[in-house]
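Asker: Here our numbering is used: the first residue of the sequence shown is 18, the next is one more, and so on.
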Amino acid sequence: MEKKHYSEFGYKVFFKLKPALKKILRIKVKGLENFPQKSGFIIASNHRSHLDPPVVNIISPVPVIFLAKAELFKVPVFGWLIKKSGAIPIERNKKSGNKSLIKALKLLREGYTIGVFPEGTRAKPKEFLKPKAGIGLLISKAKVPVVPVRIEGTDDIFPKGSKFPKIGKAPIHVNVGKPITFSENLEYEEIANKIMKEIKKL
């Protein structure tokens, strides 16, 4: 990987700040040893807050590139930040969705780690949504380990509908599961449901 897909300088600064950010956000992690130490895998997490992607990057041993809704790239400042982080924009129409999938697969084959939210959007506090079959398609085609992650507490700090986070209001608990590999003969929806089930169990 000669030229990084993300801002290398930005990630270097971010990684130096990780211990401080972990302390400020009161992040408690279980299962860190389950992360592969070499990049090139998928992280699949539940999703209830815009804080979830940075929290995953704070606890991950390698940079994580997320699939993100295209409209988020238009948000002032926030859109610039996620673009610099290398996030892949994904739109609701099938053609654009396929382009995003192809891009994610290309990056995985180049050794990057991709972060996904099987639910496709933020759930209400303390709830889970039905996973999207498209995540199963990505996992099936990628043929790389998938690390399930469950995040609790970000919805207390920065819930859906809130304009500003209330840093320090509550601790954030993150459970990291063991990497999972999937058989090629499984249906995409079956893969998506299985990874969501593993997330819920954590």
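C-beta atoms are modelled at their ideal positions from N, C-alpha and C, and glycine is treated no differently.
1) Return the Cβ separation of residue 51 and residue 193 in integer angstroms, given the expectation that the two are a contact with Cβ distance under 8 Å.
2) On the three-state DSSP scale, how would you describe residue 84?
3) Between which residues of its own chain and residue 43 is the CB-CB distance below 7 Å, once the five residues before and five after are set aside?
4) Cβ of residue 140 within 8 Å of Cβ of residue 67?
5) Are at least three pairs of beta-carbons, each pair with one atom in the region 197-215 and one in the region 82-91, less than 8 Å apart?
6) Roughly how many whole angstroms lie between the Cα atoms of residue 108 and residue 119?
7) Does residue 99 pass the burial test, meaning 16 or more other C-beta atoms within 10 Å, or should it be called exposed?
8) By the 10 Å Cβ neighbour count, where 16 or more other Cβ atoms means buried, how is residue 170 classified, buried or exposed?
9) Short of 6 Å in beta carbon distance, which residues of its chain neighbour residue 83, apart from the five on each side in sequence? Order them along the chain.
10) If you follow the alpha helix (DSSP H) that residue 157 is part of, which residue opens it and which one closes it?
11) Taking only the alpha-carbon atoms, compute the straight-line gap between residue 49 and residue 30 and give it to the nearest angstrom.
12) Compute the Euclidean distance between the alpha carbons of residue 153 and residue 81, then round it to the nearest angstrom.
13) If I'm right that residue 54 touches residue 78 with Cβ under 8 Å, what's the distance once you round it to whole angstroms?
14) Mind reading off the beta-carbon distance from residue 134 to residue 62? Whole number of angstroms is fine, and I expect it under 8 Å.
Answerer: In brief:
1) Between residue 51 and residue 193 the beta-carbon gap is near 5 Å, inside 8 Å, which marks them as a contact.
2) In the displayed model, residue 84 falls within a strand according to three-state DSSP.
3) Contacts found: 185, 188, 189.
4) Going by C-beta atoms, residue 140 is not nearer than 8 Å to residue 67.
5) Per the Cβ contact rule, the region 197-215 is not in contact with the region 82-91 (fewer than 3 Cβ pairs under 8 Å).
6) Residue 119 has its alpha-carbon roughly 13 Å from the corresponding atom of residue 108.
7) Answer is buried; the Cβ neighbour count reaches 16.
8) That one is buried.
9) These residues qualify, in order along the chain: 70, 104, 132.
10) Segment 150-159, the alpha helix (DSSP H) holding residue 157.
11) Spanning the two alpha carbons is a distance of roughly 22 Å.
12) Distance between the alpha carbons of residue 153 and residue 81: 19 Å.
13) That pair is a contact at about 6 Å.
14) Contact holds; Cβ gap of about 6 Å.
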